[in-house]
Amino acid sequence: MSTSTDLPVAAATDATARARDLLGVTRLTNQALTRWLHGLPGVDQVGCEARAAGLGTRSIKTTSKQWAIDLAISMIDLTTLEGADTKGRVRGLAAKALLPDPSDLSTPRPAAVCVYGDMVETAKAALGDSGVKVAAVATAFPSGRASMAVKLADTKDAVKAGADEIDMVIDRGAFLSGDYLTVFNQIAAVKQVCGDARLKVIMETGELVTYDNVRRASWLSMLAGGDFIKTSTGKIQPAATLPVTLIMLEAVRDWRDLTNRQVGVKPAGGIKTSKDAIKFLVTVSEIAGEDWLDNHWFRFGASSLLNDLLLQRQRMSTGAYSGGSYIADDSPSTAY
Amino acid sequence: MSRVDVKKTYKLYIGGKFPRSESGRSYEVYAAPSGRSRSTAPRFLANAAQGSRKDARDAVTAARAAQPGWAGATAYNRGQVLYRVAEVMESRRPQLVQEVRDAEGLSPAAAEAVVSQAIDRWVWYAGWSDKYVQILGGLNPVAGPYFNISASEPTGVVAVLAPQESSLLGLVSVIAPVIVSGNAVVVVTSAERPLPAITLAECLATSDVPGGVVNVISGRAAEIAPWLASHRDVNAIDLTGAAGAEGVDWATLEEASADNLKRVLRPGGSGAEAVEPDWTATPDLSRLTAFLETKTVWHPKGR
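One line per chain: the protein sequences are A and B, in this order.
Using full-length UniProt numbering, you'd call the opening residue of the first sequence number 1 and step up by one each time.
Using full-length UniProt numbering, you'd call the opening residue of the second sequence number 1 and step up by one each time.
Here you go:
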C-alpha cells in the first residue's frame, strides 16, 4: 500500500489495535474490515425514507419551536468555502457569529465558523476567546485527491494556525473500490496529527451511491477514530438529506452502545430553512436520543440557514413577519 | 350518455405557480343575485382557495425575489409586457365577461363594458411606463455648481387589498399602477368575488409578466391583511379594499403599517367610513405615485 510509509506509526498502531480488538482479529487487513463492514445489516431503503418522511411531518409549534430555533442556531457551523473568500468576508462571518442578531442580544451564537485552512488565523483573530470555535476543512477538500503527505501537511497547518476542529474528507475512490484499509489508515493518521482538535469525517454521501455504503462509511469512520461523522462537503448534490442523516444517527447510537464512546453527527449542505432544521432535530431526538441534542454532538453545516432561523426568531419575538433588511449582512463587498 | 363536467379548480397564484392554500382550506363562491334570480337562492359558482397568513408570507417572499429583476427591466420593456397582458385578456374576453356577470350580477352589455374598460385600463397604465419619470422627475435648481436630478423609483413589494365590489375593473385599477413602475405586488382578492381575479392571474401567467411580480391570494381580508400590514418585508400597502370588507378596520391596519414605516394608501371616503371609488372614471397618476420613492443625485458640473 503506497500510503503506509507516510503514516505516523503510533497513530496507526493505536487505532489499529482498537480496531483489532473490536473486530476480534489478530491482524487488521482489508479483508477483515470488508468482512466486518459487509456484515452490518443492510439498510431498508423504502423503510428508511418512509421513516424520515414520517419524522418530517411532526408539527413543532410555539415554545417548542422557539426552543428548537435557538438550539438550531447554537448548532450551526457558519460556513464559507468559496474560492473567492477574502479575509474581509471571513471577518464579516466571524462578526455575524459573535452577534447574530444585533436587534436581539438574547440570540445564541453559532457553534463554530467553518473556513478553509488559510483563513483559520483570520477567523481565530476575529473570534478571540468568545467560545465560538474555528473549524477548518483540510485534506485537499473537497475532492480529497492528493497524496497523504499533502493531506497531513494541510491538516497540521490548520491545527497550527489554531483550528479547534478539522473537517477532513475521506478518499471516496478508495472506499468505492473496496479499499477500506486505506480509508481507515488515512482517517487514523489525520486524527493523530489533529492533536486536541476534534476531527469531523466527511463521507460525501452524495458520492457513496447507496444507503448501505453510508452505513459502512459511518462505522469505518468511527472505527478509525473520527469524533464526528459529517454528510457532505456541500459541493456535491444531493448533500445532507434526512434519510442519510437518519442512517448516520442510527450508526452513532449503535456505536455508543457497542463501545461506550459517543460520536457527533453533522449534516452539511442544502439545509436552508428553519423548517428543514427542525425536521433534523426531531430526527436526532427520535433516532439517536436527547444526548445528541447539544452542539457538542450535533451540528449543521450551513451558510444561509442562520438567516432563515433569525427571520423565524424575529417573527416569534415581534409577532410580525420579518424581512431580509432586518438581518445583518454577512457577506460584505469583497472590496476590502 | 351525458358527459361529466370538467370543473375548474380555482387556486392561488404565487411566484408564477398556482398552488392550493397551504392551509388546505377552500370556500364556496356564489353568483350575485341579478334580474329574475333575485328571489331564488344564490347560484353556486365554484370553490375558491381560502388563503392563509402563510400563503401571504410565501407570496411576499416570491414578490421580494422577483422585484429587482422586474424593476431592472427597461421601462419600455415593462410597458410592452403590460400591453401584452391586455392582449391576453382580450383573447379571454368571453370568459371574463361571464365571470364578471356572475360576480357582480350585471347585464351582458354592462359586463362587456366593464371588461372593455378593464382591458383599456391596462393599456392606459402600460403607456405610462416610460413617461411618468419624465413627469415626476426633474432637474432641481441648486445654489452650487451641481446638477441635481430627481427621479422616481419603485418602492419594492406592495400589498394590495383589492376592491370588494368591482371584481375586475377595480382589481386592474389597483394592480396596474403598482407594477408599471417596477414594484412587485401581493393582492388579496375580493372575498365574495374572487373568480375574475384568478382568471386575471391566468392571463398574467400566460403573458410575459415574470413569476412573482403579481401574486394573487383569494380569501378574507380580515384574516390576511393584518399579517401583510405588519410584515416588515412589505414596503407599502394599499387599503382600498378595506372598504366594505367584513371585519376589517383600516385604521388598525394603518397603525400596524407604521411599525416599519410602510407607505399607506388609505381607502376612499372620509373618517372611519371607507367607500370604494368610482372605477369607471378616468384615473390620474395618484395610484402610481403613491408607490414610488424619489432618488436625488448630485453631480458636479465640469467646466
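All C-beta atoms, glycine included, are put in the ideal place defined by N, C-alpha and C.
According to the Cβ coordinates, are Val248 (chain B) and Ala221 (chain B) closer than 7 Å?
Within the second sequence, the letter at position 248 stands for residue 248 (chain B). Within the second sequence, the letter at position 221 stands for residue 221 (chain B). Yes.
Using a beta-carbon distance below 7 Å, is Gly323 (chain A) in contact with chain B?
Position 323 of the first sequence, counted from the start, is the residue given in the question as residue 323 (chain A). Answer yes: the Cβ-Cβ gap between Gly323 (chain A) and chain B drops below 7 Å somewhere.
Is the distance from the Cβ of residue 317 (chain B) to the Cβ of Pro196 (chain B) below 7 Å?
An answer regarding residue 317 (chain B) cannot be provided, because it is not within the stretch 1 to 303 covered by chain B.
What in chain A is Cβ-close to Ser230 (chain B), meaning under 9 Å?
Residue numbering aside, residue 230 (chain B) sits at position 230 when the second sequence is read from its first letter. Chain A residues near Ser230 (chain B): Thr318, Gly319, Ala320 and Tyr321.
In chain order, what residues of the stretch 204–237 of chain B put their CB closer than 7 Å to some CB of chain A?
With the criterion set as a beta carbon lying under 7 Å from some beta carbon of chain A, the members of the stretch 204–237 of chain B are Trp227, Ser230, His231, Arg232 and Asp233, in sequence order.
Would you mind sorting Ala41 (chain B) into buried or exposed? The rule is 16 or more other CB atoms within 10 Å of its CB.
Stepping through the second sequence from its first residue, residue 41 (chain B) is reached at position 41. Within 10 angstroms of the beta-carbon of Ala41 (chain B) lie fewer than 16 other beta-carbons, which makes it exposed.
Could you give the uninterrupted runs of the alpha helix (DSSP H) lying entirely in the stretch 158–221 of chain A, keeping only those of 4 residues or more?
Within the stretch 158–221 of chain A, the complete alpha helix (DSSP H) segments of 4 residues or longer fall at 172–176 and 180–194, listed in chain order.
Taking the beta carbon of Gln237 (chain A) as the centre, do at least 16 other beta carbons fall within 10 Å, making it buried, or is it exposed?
Locating residue 237 (chain A) in the first sequence gives position 237, where the first residue counts as 1. Residue environment for Gln237 (chain A): exposed (fewer than 16 other C-beta atoms within 10 angstroms of its C-beta).
Assuming Ala97 (chain A) contacts Val113 (chain A) under a Cβ cut-off of 8 Å, what Cβ separation, rounded to an integer in Å, is found between them?
Against the first sequence, residue 97 (chain A) aligns to sequence position 97. Against the first sequence, residue 113 (chain A) aligns to sequence position 113. Right, their Cβ atoms sit about 5 Å apart.
Collapsed DSSP secondary structure at Tyr13 (chain B) in the structure displayed:
Taking the second sequence and counting its residues from 1, one reaches residue 13 (chain B) at position 13. Residue state for Tyr13 (chain B) is assigned as strand, using DSSP reduced to three classes.
Would you list, in chain order, the members of the stretch 159–182 of chain A that have their beta-carbon closer than 8 Å to a beta-carbon of chain B?
Within the stretch 159–182 of chain A, no residue has a Cβ lying closer than 8 Å to any Cβ of chain B.
Evaluate Pro145 (chain B) with the Cβ neighbour count: other Cβ atoms within 10 Å of its Cβ, from every protein chain shown; 16 or more gives buried, anything less gives exposed.
For the purposes of this step, residue 145 (chain B) is taken as residue 145 along the second sequence, with counting starting at 1. It counts as exposed.
Taking Ala184 (chain B) and Gln67 (chain B) to be in contact with their CB atoms under 8 Å, please state how far apart those CB atoms are, rounded to whole angstroms.
Position 184 of the second sequence, counted from the start, is the residue given in the question as residue 184 (chain B). Position 67 of the second sequence, counted from the start, is the residue given in the question as residue 67 (chain B). Contact between Ala184 (chain B) and Gln67 (chain B) holds: their C-beta atoms lie close to 4 Å from each other, under 8 Å.
Are there three or more Cβ pairs, one per stretch, closer than 8 Å when the stretch 196–213 of chain B is compared with the stretch 289–303 of chain A?
The stretch 196–213 of chain B and the stretch 289–303 of chain A do not touch, with fewer than 3 CB-CB distances between them shorter than 8 Å.
Quick one: list the residues of chain A neighbouring residue 305 (chain B), beta-carbon separation under 8 Å, in chain order.
Outside the modelled stretch of chain B, which goes from 1 to 303, sits residue 305 (chain B), for which no answer is possible.
What are the boundary residues of the alpha helix (DSSP H) that includes Glu28 (chain B)?
As a working mapping, residue 28 (chain B) is identified with position 28 in the second sequence. No alpha helix (DSSP H) holds Glu28 (chain B); the beta strand (DSSP E) holding it covers Ser26 to Tyr30.
For the beta strand (DSSP E) that contains Arg263 (chain B), what are its first and last residues?
By 1-based counting over the second sequence, the position of residue 263 (chain B) is 263. Note, Arg263 (chain B): beta strand (DSSP E), Arg263 to Leu265.
Going by alpha carbons, who is nearest to His38 (chain A) out of A:Arg215, A:Ser232 and A:Ser317?
Stepping through the first sequence from its first residue, residue 38 (chain A) is reached at position 38. Of A:Arg215, A:Ser232 and A:Ser317, the residue nearest in Cα terms is A:Arg215.
Just grab the DSSP bridge partners of Ile73 (chain A) for me.
Within the first sequence, numbered from 1, the residue matching residue 73 (chain A) stands at position 73. Per DSSP, none; premise fails for Ile73 (chain A).
Is Leu139 (chain B) buried or exposed, if buried means 16 or more other CB atoms sit within 10 Å of its CB?
Here residue 139 (chain B) is taken as the residue at index 139 of the second sequence, counted from 1. Exposed.
In or out: Met148 (chain A) buried (at least 16 other Cβ within 10 Å) or exposed?
One-based indexing of the first sequence puts residue 148 (chain A) at position 148. Residue burial annotation: Met148 (chain A) is buried, with at least 16 other C-beta atoms found within 10 angstroms of its C-beta.
Under 8 Å from the C-beta of Arg57 (chain B): neighbouring residues of chain E:
Absent from the structure is chain E; the protein chains it does hold are A and B.
Is the beta carbon of Gly226 (chain A) sitting closer than 7 Å to the one on Leu199 (chain A)?
Reading the first sequence from its first residue, position 226 is the one you call residue 226 (chain A). Reading the first sequence from its first residue, position 199 is the one you call residue 199 (chain A). Taking 7 Å as the cut-off, the beta carbon of Gly226 (chain A) is found closer than this to the beta carbon of Leu199 (chain A).
Ile179 (chain B), enclosing alpha helix (DSSP H) - first and last residue
Numbered from its first residue, the second sequence carries residue 179 (chain B) at position 179. For Ile179 (chain B), the enclosing alpha helix (DSSP H) begins and ends at Leu169 to Ile179.
Are any of the Cβ atoms in chain B nearer than 7 Å to that of Tyr211 (chain A)?
The residue you call residue 211 (chain A) lines up with position 211 of the first sequence. At a cut-off of 7 Å between C-beta atoms, Tyr211 (chain A) does not count as an interface residue with respect to chain B.
With a threshold of 7 Å between beta-carbons, can Tyr116 (chain A) be considered close to chain B, or not?
Looking up residue 116 (chain A) in the first sequence gives position 116. With 7 Å as the cut-off, Tyr116 (chain A) does not count as an interface residue toward chain B.
I'd like the span of the beta strand (DSSP E) that includes Tyr321 (chain A), first residue to last.
Locating residue 321 (chain A) in the first sequence gives position 321, where the first residue counts as 1. Tyr321 (chain A) -> no beta strand (DSSP E), and no H or E assigned at all.
Own chain partners of Asp329 (chain A) with C-beta closer than 8 Å, once the 5 adjacent residues on each side are dropped:
In the first sequence, residue 329 (chain A) corresponds to position 329, counting from 1. Sequence-distant partners of Asp329 (chain A) (beyond 5 residues in either direction) whose C-beta falls short of 8 Å from its own C-beta, in its chain, are Gly92.
Measure the C-alpha to C-alpha separation of Thr3 (chain A) and Thr122 (chain A) and round it to an integer number of angstroms.
Position 3 of the first sequence, counted from the start, is the residue given in the question as residue 3 (chain A). Position 122 of the first sequence, counted from the start, is the residue given in the question as residue 122 (chain A). Since pLDDT at Thr3 (chain A) reaches only 45, below the 50 mark, its modelled position is unreliable, and the value read off the structure follows with that caveat. Thr3 (chain A) and Thr122 (chain A) have their C-alpha atoms roughly 32 Å apart.
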